[in-house]
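Novice: Take this structure first; my questions come after.
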Amino acid sequence: MIRKFCCFENKLSSNNFLFLTGLQDQGLQSPQVFLVSSFHLKLYDFPLLVETLKEELPEHKKEVFLKVIIFSGSGKSTFVNAIRGIDNKDEKAVPTGPVETTMEVTPYPHPNYPNVIFWDLPGIGSPNFPADKYLKKVGFKKFDFFIIISADRFRENDLKVAKEIQKMKKKFYFVRSKIDHNIRAEKISLQVQGLQSPQVFLVSSFHLKLYDFPLVVETLKEELPELQKEAFVLAMPNISLDMIKEKKKAFQAKVKYWAILSAAVAGVPVPGVSAAVDTTLLVGVVTKYVLGFGLDIPSLKRMANYSGVPYEELKEVIKSPLIATELTPELLLRLLVQFSSLAALLAAEEGATVVPILGIPAAACLSFTFTYRSLNMILDMIADDAEKVFTRRVCVRGRCV
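Just so you know, the sequence shown maps onto residues 0 to 400 in numbering that gives the first Met the number 0.
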(Lines of atoms letter the chains of each structure in order from A and count residues from 1; the text may use other names and numbers.)
(Lines give C-alpha, C1' and ligand atoms only; values in the text may rest on other atoms or scores of the structure.)
Protein backbone atom coordinates (compact mmCIF):
# COMPACT_ATOMS: atom_id res chain seq x y z
CA MET A 1 0.00 0.00 0.00
CA ILE A 2 1.43 3.38 -1.05
CA ARG A 3 0.86 6.19 1.43
CA LYS A 4 1.49 9.90 0.99
CA PHE A 5 3.92 11.47 3.41
CA CYS A 6 5.11 14.99 4.13
CA CYS A 7 8.06 16.37 6.02
CA PHE A 8 7.85 19.52 8.11
CA GLU A 9 10.85 21.80 8.55
CA ASN A 10 10.13 23.68 11.76
CA LYS A 11 13.79 24.32 12.62
CA LEU A 12 14.04 27.52 10.62
CA SER A 13 11.17 29.19 12.44
CA SER A 14 12.35 27.96 15.83
CA ASN A 15 15.89 29.02 14.97
CA ASN A 16 14.52 32.46 14.15
CA PHE A 17 13.00 32.66 17.63
CA LEU A 18 16.31 31.62 19.20
CA PHE A 19 18.17 34.00 16.93
CA LEU A 20 15.90 36.90 17.95
CA THR A 21 16.54 36.06 21.59
CA GLY A 22 20.28 36.01 20.89
CA LEU A 23 20.17 39.43 19.21
CA GLN A 24 18.31 40.88 22.17
CA ASP A 25 20.92 39.39 24.50
CA GLN A 26 23.55 41.22 22.43
CA GLY A 27 21.84 44.54 23.14
CA LEU A 28 19.71 44.99 20.02
CA GLN A 29 16.26 46.34 20.82
CA SER A 30 13.27 44.61 19.16
CA PRO A 31 15.19 43.27 16.13
CA GLN A 32 13.09 42.15 13.17
CA VAL A 33 14.09 39.08 11.15
CA PHE A 34 12.53 38.13 7.80
CA LEU A 35 12.81 34.79 5.96
CA VAL A 36 12.86 35.34 2.19
CA SER A 37 13.38 33.59 -1.11
CA SER A 38 14.45 35.95 -3.88
CA PHE A 39 13.04 33.51 -6.45
CA HIS A 40 9.62 33.00 -4.84
CA LEU A 41 8.62 36.46 -3.68
CA LYS A 42 5.06 35.56 -2.67
CA LEU A 43 6.30 32.97 -0.20
CA TYR A 44 7.59 33.45 3.32
CA ASP A 45 8.27 36.99 4.63
CA PHE A 46 9.03 39.00 1.48
CA PRO A 47 5.55 40.62 1.27
CA LEU A 48 5.74 41.46 4.99
CA LEU A 49 9.20 43.01 4.54
CA VAL A 50 7.97 45.23 1.70
CA GLU A 51 4.93 46.29 3.75
CA THR A 52 7.16 47.04 6.75
CA LEU A 53 9.50 49.22 4.69
CA LYS A 54 6.52 51.04 3.19
CA GLU A 55 5.07 51.78 6.62
CA GLU A 56 8.38 53.00 8.01
CA LEU A 57 9.10 55.32 5.08
CA PRO A 58 8.78 59.01 6.08
CA GLU A 59 6.16 60.64 3.86
CA HIS A 60 8.21 63.78 3.39
CA LYS A 61 11.17 61.90 1.91
CA LYS A 62 11.79 62.61 -1.78
CA GLU A 63 14.74 60.28 -2.06
CA VAL A 64 15.15 57.08 -0.10
CA PHE A 65 18.52 55.51 0.56
CA LEU A 66 18.24 51.83 1.38
CA LYS A 67 21.47 50.26 2.53
CA VAL A 68 22.01 46.53 2.07
CA ILE A 69 24.81 44.90 4.09
CA ILE A 70 25.88 41.31 3.49
CA PHE A 71 28.71 38.81 3.36
CA SER A 72 29.69 37.40 -0.03
CA GLY A 73 27.74 34.50 -1.50
CA SER A 74 24.56 35.06 0.50
CA GLY A 75 22.17 36.21 -2.20
CA LYS A 76 22.56 39.95 -1.60
CA SER A 77 22.58 41.05 -5.24
CA THR A 78 19.70 38.73 -6.16
CA PHE A 79 17.69 40.21 -3.29
CA VAL A 80 18.32 43.79 -4.50
CA ASN A 81 17.11 42.75 -7.96
CA ALA A 82 14.06 40.99 -6.50
CA ILE A 83 12.96 43.92 -4.36
CA ARG A 84 13.20 46.15 -7.46
CA GLY A 85 11.14 43.69 -9.50
CA ILE A 86 14.01 42.97 -11.90
CA ASP A 87 15.25 39.62 -13.20
CA ASN A 88 18.93 38.76 -12.68
CA LYS A 89 19.38 38.76 -16.48
CA ASP A 90 17.94 42.26 -16.93
CA GLU A 91 20.36 44.89 -18.20
CA LYS A 92 19.59 47.02 -15.13
CA ALA A 93 20.15 44.13 -12.74
CA VAL A 94 22.81 44.01 -10.04
CA PRO A 95 25.55 41.56 -11.17
CA THR A 96 25.23 38.22 -9.40
CA GLY A 97 27.61 35.32 -8.95
CA PRO A 98 28.90 32.64 -6.58
CA VAL A 99 31.60 35.00 -5.30
CA GLU A 100 31.48 38.61 -4.13
CA THR A 101 30.59 40.74 -7.17
CA THR A 102 30.08 44.09 -5.42
CA MET A 103 33.39 45.92 -5.08
CA GLU A 104 32.15 49.45 -4.37
CA VAL A 105 29.11 51.31 -3.11
CA THR A 106 26.70 51.28 -6.06
CA PRO A 107 23.23 52.88 -6.34
CA TYR A 108 20.40 51.03 -8.11
CA PRO A 109 17.21 53.10 -8.57
CA HIS A 110 13.85 51.38 -8.73
CA PRO A 111 12.86 51.13 -12.45
CA ASN A 112 9.44 52.72 -11.88
CA TYR A 113 10.19 54.94 -8.88
CA PRO A 114 13.58 56.60 -9.40
CA ASN A 115 13.30 58.43 -6.08
CA VAL A 116 13.61 55.07 -4.32
CA ILE A 117 17.26 54.05 -4.50
CA PHE A 118 18.71 50.77 -3.28
CA TRP A 119 22.41 50.74 -2.54
CA ASP A 120 24.36 47.54 -2.99
CA LEU A 121 27.39 47.48 -0.70
CA PRO A 122 30.45 45.23 -0.53
CA GLY A 123 30.56 42.62 2.19
CA ILE A 124 31.85 43.65 5.60
CA GLY A 125 35.42 42.61 6.23
CA SER A 126 36.50 42.46 2.58
CA PRO A 127 40.04 43.79 1.83
CA ASN A 128 38.81 47.21 0.70
CA PHE A 129 36.18 47.44 3.43
CA PRO A 130 37.62 46.21 6.75
CA ALA A 131 35.10 45.91 9.57
CA ASP A 132 36.63 48.63 11.76
CA LYS A 133 36.44 51.24 8.96
CA TYR A 134 33.38 49.93 7.15
CA LEU A 135 30.70 52.31 8.41
CA LYS A 136 32.73 55.44 7.83
CA LYS A 137 33.94 54.31 4.40
CA VAL A 138 30.46 53.61 3.01
CA GLY A 139 29.05 56.87 4.40
CA PHE A 140 26.28 55.14 6.29
CA LYS A 141 24.86 58.34 7.86
CA LYS A 142 23.10 59.28 4.61
CA PHE A 143 20.97 56.14 4.47
CA ASP A 144 17.41 55.82 5.79
CA PHE A 145 17.04 52.06 6.11
CA PHE A 146 19.45 49.21 6.60
CA ILE A 147 18.90 45.61 5.55
CA ILE A 148 21.45 43.10 6.81
CA ILE A 149 21.27 39.85 4.84
CA SER A 150 22.67 36.39 5.49
CA ALA A 151 21.99 32.97 4.03
CA ASP A 152 22.52 31.11 7.29
CA ARG A 153 23.49 32.99 10.44
CA PHE A 154 24.47 36.54 11.31
CA ARG A 155 28.05 37.08 12.34
CA GLU A 156 29.94 39.30 14.74
CA ASN A 157 30.57 42.02 12.15
CA ASP A 158 26.83 42.18 11.37
CA LEU A 159 26.09 42.73 15.06
CA LYS A 160 28.70 45.48 15.31
CA VAL A 161 27.12 47.33 12.40
CA ALA A 162 23.60 46.79 13.78
CA LYS A 163 24.60 48.25 17.15
CA GLU A 164 26.06 51.34 15.48
CA ILE A 165 22.88 51.79 13.45
CA GLN A 166 20.84 51.43 16.62
CA LYS A 167 22.88 54.19 18.27
CA MET A 168 21.89 56.45 15.38
CA LYS A 169 18.22 55.58 16.06
CA LYS A 170 17.70 54.45 12.48
CA LYS A 171 15.67 51.47 11.25
CA PHE A 172 17.39 48.21 10.37
CA TYR A 173 16.17 44.74 9.46
CA PHE A 174 17.73 41.29 9.33
CA VAL A 175 16.88 39.14 6.31
CA ARG A 176 17.66 35.44 6.02
CA SER A 177 17.90 34.72 2.31
CA LYS A 178 17.96 31.50 0.28
CA ILE A 179 15.22 29.88 2.36
CA ASP A 180 14.27 27.81 -0.69
CA HIS A 181 17.84 26.46 -0.73
CA ASN A 182 17.36 25.12 2.79
CA ILE A 183 14.20 23.32 1.75
CA ARG A 184 15.81 21.96 -1.42
CA ALA A 185 18.74 20.64 0.61
CA GLU A 186 16.29 18.94 2.99
CA LYS A 187 14.55 17.25 0.05
CA ILE A 188 17.86 16.01 -1.37
CA SER A 189 18.87 14.68 2.04
CA LEU A 190 15.60 12.73 2.31
CA GLN A 191 15.98 11.35 -1.22
CA VAL A 192 19.49 10.15 -0.40
CA GLN A 193 17.95 8.29 2.54
CA GLY A 194 15.67 6.44 0.12
CA LEU A 195 12.44 8.48 0.29
CA GLN A 196 10.78 9.05 -3.08
CA SER A 197 9.63 12.59 -3.97
CA PRO A 198 9.32 13.85 -0.38
CA GLN A 199 7.35 17.04 0.19
CA VAL A 200 9.02 19.46 2.58
CA PHE A 201 7.16 22.37 4.17
CA LEU A 202 8.52 25.31 6.13
CA VAL A 203 6.20 26.04 9.07
CA SER A 204 6.17 28.12 12.22
CA SER A 205 4.12 26.75 15.08
CA PHE A 206 3.88 30.29 16.48
CA HIS A 207 2.64 31.96 13.26
CA LEU A 208 0.42 29.49 11.42
CA LYS A 209 -0.65 31.85 8.65
CA LEU A 210 2.98 32.46 7.65
CA TYR A 211 5.16 30.28 5.44
CA ASP A 212 3.81 26.89 4.31
CA PHE A 213 1.23 25.97 6.95
CA PRO A 214 -1.75 26.90 4.73
CA LEU A 215 -0.16 24.79 1.97
CA VAL A 216 0.25 21.88 4.41
CA VAL A 217 -3.47 22.06 5.25
CA GLU A 218 -4.45 22.27 1.58
CA THR A 219 -2.19 19.36 0.63
CA LEU A 220 -3.47 17.10 3.39
CA LYS A 221 -7.06 18.03 2.62
CA GLU A 222 -6.67 17.15 -1.06
CA GLU A 223 -5.16 13.77 -0.21
CA LEU A 224 -7.99 12.75 2.13
CA PRO A 225 -11.07 10.77 1.04
CA GLU A 226 -14.18 12.92 0.63
CA LEU A 227 -15.81 11.73 3.86
CA GLN A 228 -12.71 12.55 5.92
CA LYS A 229 -12.09 15.88 4.20
CA GLU A 230 -14.95 17.65 5.97
CA ALA A 231 -13.87 16.46 9.42
CA PHE A 232 -10.31 17.58 8.68
CA VAL A 233 -11.41 21.07 7.62
CA LEU A 234 -13.55 21.55 10.73
CA ALA A 235 -10.71 20.37 12.98
CA MET A 236 -8.22 22.90 11.60
CA PRO A 237 -7.55 26.23 13.36
CA ASN A 238 -8.79 29.39 11.64
CA ILE A 239 -5.53 30.20 9.85
CA SER A 240 -7.19 32.42 7.24
CA LEU A 241 -10.49 33.93 6.17
CA ASP A 242 -10.60 31.32 3.40
CA MET A 243 -10.46 28.56 6.02
CA ILE A 244 -13.43 30.14 7.82
CA LYS A 245 -15.34 30.23 4.52
CA GLU A 246 -14.52 26.55 3.93
CA LYS A 247 -15.86 25.65 7.36
CA LYS A 248 -19.04 27.60 6.69
CA LYS A 249 -19.48 25.79 3.37
CA ALA A 250 -19.04 22.41 5.09
CA PHE A 251 -21.66 23.29 7.70
CA GLN A 252 -24.06 24.65 5.07
CA ALA A 253 -23.97 21.34 3.21
CA LYS A 254 -25.50 19.61 6.24
CA VAL A 255 -28.29 22.09 7.00
CA LYS A 256 -30.81 20.34 4.76
CA TYR A 257 -30.21 17.03 6.54
CA TRP A 258 -30.87 18.57 9.95
CA ALA A 259 -34.01 20.17 8.51
CA ILE A 260 -35.21 16.79 7.19
CA LEU A 261 -34.69 15.26 10.63
CA SER A 262 -36.71 18.09 12.15
CA ALA A 263 -39.51 17.49 9.63
CA ALA A 264 -39.61 13.80 10.50
CA VAL A 265 -40.09 14.58 14.20
CA ALA A 266 -42.91 17.00 13.33
CA GLY A 267 -44.96 13.99 12.28
CA VAL A 268 -45.63 13.19 15.95
CA PRO A 269 -49.21 14.51 16.53
CA VAL A 270 -48.56 15.79 20.05
CA PRO A 271 -48.60 19.57 20.60
CA GLY A 272 -45.30 20.97 21.89
CA VAL A 273 -43.19 17.91 21.06
CA SER A 274 -41.99 19.16 17.67
CA ALA A 275 -41.00 22.61 18.99
CA ALA A 276 -39.16 21.08 21.94
CA VAL A 277 -37.29 18.65 19.69
CA ASP A 278 -36.53 21.42 17.17
CA THR A 279 -34.89 23.68 19.76
CA THR A 280 -32.96 20.78 21.30
CA LEU A 281 -31.76 19.75 17.84
CA LEU A 282 -30.80 23.34 17.04
CA VAL A 283 -28.80 23.64 20.28
CA GLY A 284 -26.80 20.55 19.30
CA VAL A 285 -26.08 21.84 15.80
CA VAL A 286 -25.25 25.39 16.91
CA THR A 287 -22.88 23.96 19.51
CA LYS A 288 -21.08 22.21 16.62
CA TYR A 289 -20.88 25.56 14.81
CA VAL A 290 -19.38 27.32 17.83
CA LEU A 291 -16.83 24.54 18.39
CA GLY A 292 -16.00 24.25 14.69
CA PHE A 293 -15.20 27.95 14.40
CA GLY A 294 -13.23 27.90 17.67
CA LEU A 295 -15.55 30.37 19.40
CA ASP A 296 -16.30 28.42 22.57
CA ILE A 297 -14.94 29.90 25.80
CA PRO A 298 -11.94 27.52 26.23
CA SER A 299 -10.92 28.02 22.57
CA LEU A 300 -11.20 31.80 22.83
CA LYS A 301 -9.07 31.80 25.97
CA ARG A 302 -6.43 29.63 24.31
CA MET A 303 -6.52 31.97 21.33
CA ALA A 304 -6.02 34.96 23.64
CA ASN A 305 -3.00 33.35 25.30
CA TYR A 306 -1.56 32.29 21.94
CA SER A 307 -2.03 35.58 20.08
CA GLY A 308 -1.38 38.02 22.92
CA VAL A 309 -4.77 39.69 22.34
CA PRO A 310 -6.71 39.85 25.63
CA TYR A 311 -9.73 37.56 25.92
CA GLU A 312 -12.06 40.49 26.62
CA GLU A 313 -10.91 42.23 23.43
CA LEU A 314 -11.73 39.14 21.39
CA LYS A 315 -15.18 38.99 23.01
CA GLU A 316 -15.82 42.66 22.18
CA VAL A 317 -16.01 41.99 18.43
CA ILE A 318 -18.51 39.13 18.84
CA LYS A 319 -22.10 40.12 18.06
CA SER A 320 -23.97 36.82 18.40
CA PRO A 321 -25.43 36.18 21.88
CA LEU A 322 -24.91 32.44 21.29
CA ILE A 323 -21.11 32.63 21.53
CA ALA A 324 -18.94 32.56 24.65
CA THR A 325 -21.92 31.65 26.82
CA GLU A 326 -23.83 28.60 28.01
CA LEU A 327 -26.12 27.64 25.15
CA THR A 328 -29.59 26.41 26.21
CA PRO A 329 -32.87 25.74 24.33
CA GLU A 330 -34.45 28.68 26.18
CA LEU A 331 -31.70 31.12 25.12
CA LEU A 332 -31.87 29.94 21.52
CA LEU A 333 -35.66 30.17 21.41
CA ARG A 334 -35.59 33.73 22.81
CA LEU A 335 -33.23 34.72 20.00
CA LEU A 336 -35.21 33.07 17.21
CA VAL A 337 -38.65 34.44 18.16
CA GLN A 338 -37.21 37.96 17.85
CA PHE A 339 -37.42 37.41 14.10
CA SER A 340 -41.08 37.67 13.09
CA SER A 341 -40.83 35.26 10.15
CA LEU A 342 -39.34 32.51 12.33
CA ALA A 343 -41.81 33.16 15.16
CA ALA A 344 -44.69 32.84 12.67
CA LEU A 345 -43.32 29.56 11.32
CA LEU A 346 -42.97 28.12 14.82
CA ALA A 347 -46.51 29.14 15.79
CA ALA A 348 -47.95 27.75 12.54
CA GLU A 349 -46.12 24.45 13.08
CA GLU A 350 -47.61 24.07 16.56
CA GLY A 351 -51.08 24.86 15.24
CA ALA A 352 -50.78 22.38 12.38
CA THR A 353 -50.09 19.43 14.69
CA VAL A 354 -53.67 19.51 16.01
CA VAL A 355 -55.29 19.60 12.55
CA PRO A 356 -56.52 16.12 11.50
CA ILE A 357 -55.00 14.39 8.44
CA LEU A 358 -53.52 17.41 6.60
CA GLY A 359 -51.99 18.87 9.74
CA ILE A 360 -49.11 16.39 9.99
CA PRO A 361 -47.62 16.96 6.48
CA ALA A 362 -48.15 20.71 6.94
CA ALA A 363 -46.34 20.62 10.29
CA ALA A 364 -43.48 18.65 8.72
CA CYS A 365 -43.13 21.20 5.93
CA LEU A 366 -43.22 24.11 8.39
CA SER A 367 -40.72 22.39 10.68
CA PHE A 368 -38.31 21.84 7.77
CA THR A 369 -38.56 25.50 6.76
CA PHE A 370 -38.15 26.75 10.34
CA THR A 371 -35.06 24.63 11.00
CA TYR A 372 -33.52 25.34 7.58
CA ARG A 373 -33.89 29.12 7.89
CA SER A 374 -32.86 29.19 11.56
CA LEU A 375 -29.66 27.22 10.99
CA ASN A 376 -28.64 29.27 7.96
CA MET A 377 -29.27 32.52 9.81
CA ILE A 378 -27.32 31.39 12.88
CA LEU A 379 -24.50 30.02 10.71
CA ASP A 380 -24.18 33.40 8.99
CA MET A 381 -23.99 35.15 12.38
CA ILE A 382 -21.39 32.79 13.83
CA ALA A 383 -19.23 32.74 10.67
CA ASP A 384 -19.27 36.56 10.62
CA ASP A 385 -18.13 36.59 14.25
CA ALA A 386 -15.38 34.08 13.44
CA GLU A 387 -14.08 36.43 10.74
CA LYS A 388 -14.17 39.39 13.14
CA VAL A 389 -12.31 37.45 15.82
CA PHE A 390 -9.73 36.31 13.25
CA THR A 391 -9.20 39.87 12.02
CA ARG A 392 -8.86 41.15 15.58
CA ARG A 393 -6.43 38.36 16.44
CA VAL A 394 -4.07 39.03 13.53
CA CYS A 395 -4.28 42.81 13.77
CA VAL A 396 -2.29 43.92 16.79
CA ARG A 397 -1.58 47.55 17.58
CA GLY A 398 -3.24 48.65 14.37
CA ARG A 399 -1.08 46.44 12.18
CA CYS A 400 -2.17 43.21 10.46
CA VAL A 401 0.38 40.49 9.82
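We treat Cβ as the ideally placed atom computed from N, Cα and C, and that holds for glycine.
I'd like the list of long-range same chain contacts for glutamate 229, defined as Cβ closer than 6 Å, with 5 residues on each side in sequence excluded.
Specialist: As a working mapping, residue 229 is identified with position 230 in the sequence shown. The residues are Ala249.
Novice: Just how far apart, CA to CA, sit leucine 240 and leucine 331?
Specialist: Working through the sequence shown from its first residue, we reach residue 240 at position 241. Working through the sequence shown from its first residue, we reach residue 331 at position 332. Rounded to the nearest angstrom, the two C-alpha atoms are 27 Å apart.
Novice: Note down, in chain order, each residue of its chain lying with its Cβ closer than 7 Å to the Cβ of proline 328, except the 5 sequence neighbours on either side.
Specialist: Position 329 of the sequence shown, counting from 1, holds the residue named residue 328. So the list reads Thr278, Thr279 and Val282, once near-sequence residues are dropped.
Novice: Could you tell me the boundaries of the alpha helix (DSSP H) in which proline 78 lies?
Specialist: Your numbering for residue 78 matches position 79 in the sequence shown. For the record, residue 78 in the displayed sequence is phenylalanine; it is not proline. Segment 75-82, the alpha helix (DSSP H) holding phenylalanine 78.
Novice: Using only CA atoms, which one of Val174, Lys140, Ser149 and Ile147 lies nearest to lysine 166?
Specialist: As a working note, residue 166 is residue 167 in the sequence shown. The shortest Cα separation from lysine 166 among Val174, Lys140, Ser149 and Ile147 belongs to Lys140.
Novice: Classify proline 121 as buried or exposed, calling it buried when 16 or more other Cβ atoms lie within 10 Å of its own Cβ.
Specialist: Here the question's residue 121 lines up with position 122 in the sequence shown. Buried.
Novice: Alpha carbon to alpha carbon, how far is valine 316 from methionine 302?
Specialist: Here residue 316 refers to the residue found at position 317 of the sequence shown. Here residue 302 refers to the residue found at position 303 of the sequence shown. The straight-line gap from Cα to Cα measures roughly 14 Å.
Novice: Using a C-beta cutoff of 9 Å, does lysine 159 count as contacting chain C?
Specialist: The question asks about chain C, but that chain is absent: this structure has only one protein chain.
Novice: How would you call phenylalanine 144, buried or exposed, if buried means at least 16 neighbouring beta carbons within 10 angstroms?
Specialist: By one-based count along the sequence shown, residue 144 stands at place 145. Buried is the call here.
Novice: List the endpoints of the continuous alpha helix (DSSP H) containing lysine 255.
Specialist: On the sequence shown, position 256 is the one that residue 255 refers to. Run containing lysine 255: 240-264, per the alpha helix (DSSP H) assignment.
Novice: At 4 residues or longer, what runs of the alpha helix (DSSP H) sit wholly inside the region 274-347?
Specialist: Entirely contained in the region 274-347, the alpha helix (DSSP H) runs reaching 4 residues are, in chain order, 296-306, 310-315 and 328-335.
Novice: So, using beta-carbon positions, are glycine 84 and histidine 109 closer together than 9 Å?
Specialist: Mapped onto the sequence shown, residue 84 falls at position 85. Mapped onto the sequence shown, residue 109 falls at position 110. A contact, by the Cβ cut-off of 9 Å.
Novice: Out of Asn111, Phe117 and Glu90, which has the shortest C-alpha to C-alpha gap to lysine 75?
Specialist: For the purposes of this step, residue 75 is taken as residue 76 along the sequence shown, with counting starting at 1. Nearest option by C-alpha distance: Phe117.
Novice: Does the separation of the CB atoms of glycine 293 and proline 236 fall below 9 Å?
Specialist: To locate residue 293, count along the sequence shown from 1; it is residue 294. To locate residue 236, count along the sequence shown from 1; it is residue 237. For glycine 293 and proline 236, yes; Cβs fall inside 9 Å.
Novice: Name the residue from Met242, Lys170, Val284 and Lys387 whose alpha carbon lies nearest to the alpha carbon of tyrosine 371.
Specialist: Reading the sequence shown from its first residue, position 372 is the one you call residue 371. Tyrosine 371 has its Cα closest to that of Val284, out of Met242, Lys170, Val284 and Lys387.
Novice: Please identify the residue among Ile146, Glu103, Phe231 and Thr77 whose C-alpha is closest to the C-alpha of valine 93.
Specialist: Here the question's residue 93 lines up with position 94 in the sequence shown. The shortest C-alpha separation from valine 93 is found at Thr77.
Novice: Does the beta-carbon distance from isoleucine 148 to valine 115 come in below 9 Å?
Specialist: As a first step, residue 148 must be located in the sequence shown, where it is residue number 149. As a first step, residue 115 must be located in the sequence shown, where it is residue number 116. No.
Novice: Could you check the C-alpha separation between valine 276 and serine 366 for me, to the nearest Å?
Specialist: For this step, residue 276 is matched to residue 277 along the sequence shown. For this step, residue 366 is matched to residue 367 along the sequence shown. Distance between the alpha carbons of valine 276 and serine 366: 10 Å.
Novice: Give me the Cα-Cα distance between leucine 290 and proline 297, rounded to the nearest whole angstrom.
Specialist: Taking the first residue of the sequence shown as 1, we reach residue 290 at position 291. Taking the first residue of the sequence shown as 1, we reach residue 297 at position 298. Those two C-alpha atoms are separated by around 10 Å.
Novice: Whole angstroms are fine: how far does the CA of valine 160 sit from the CA of threonine 390?
Specialist: As a working mapping, residue 390 is identified with position 391 in the sequence shown. As a working mapping, residue 160 is identified with position 161 in the sequence shown. The alpha-carbon atoms of threonine 390 and valine 160 are separated by roughly 37 Å.
Novice: Might you give, ordered along the chain, the residues of its own chain that have their beta carbon closer than 8 Å to the beta carbon of isoleucine 381, omitting 5 neighbours on each side?
Specialist: Taking the sequence shown and counting its residues from 1, one reaches residue 381 at position 382. Excluding sequence neighbours, isoleucine 381 sits near Val285, Tyr288, Val289, Phe292, Leu294, Ser319, Leu321 and Ile322.
Novice: Nearest CA to the CA of lysine 135: which residue from Ile146, Thr218 and Glu163?
Specialist: As a first step, residue 135 is located in the sequence shown; it is residue number 136 there, counting from the start. Of the candidates Ile146, Thr218 and Glu163, the one whose C-alpha sits nearest the C-alpha of lysine 135 is Glu163.
Novice: What is the rounded straight-line gap between the Cα of tyrosine 172 and the Cα of leucine 48?
Specialist: Taking the sequence shown and counting its residues from 1, the one referred to as residue 172 is at position 173. Taking the sequence shown and counting its residues from 1, the one referred to as residue 48 is at position 49. Each residue's Cα considered, the two are about 9 Å apart.
Novice: Mind checking whether alanine 234 and leucine 374 have CB atoms under 9 Å apart?
Specialist: The count along the sequence shown starts at 1 and reaches residue 234 at position 235. The count along the sequence shown starts at 1 and reaches residue 374 at position 375. Not closer than 9 Å, so no.
Novice: Between tyrosine 107 and aspartate 119, how many whole angstroms is the CB-CB distance? I'm expecting something under 8 Å.
Specialist: The sequence position of residue 107 within the sequence shown is 108, counting from 1. The sequence position of residue 119 within the sequence shown is 120, counting from 1. Indeed, because the Cβ distance is near 6 Å, the residues count as touching under 8 Å.
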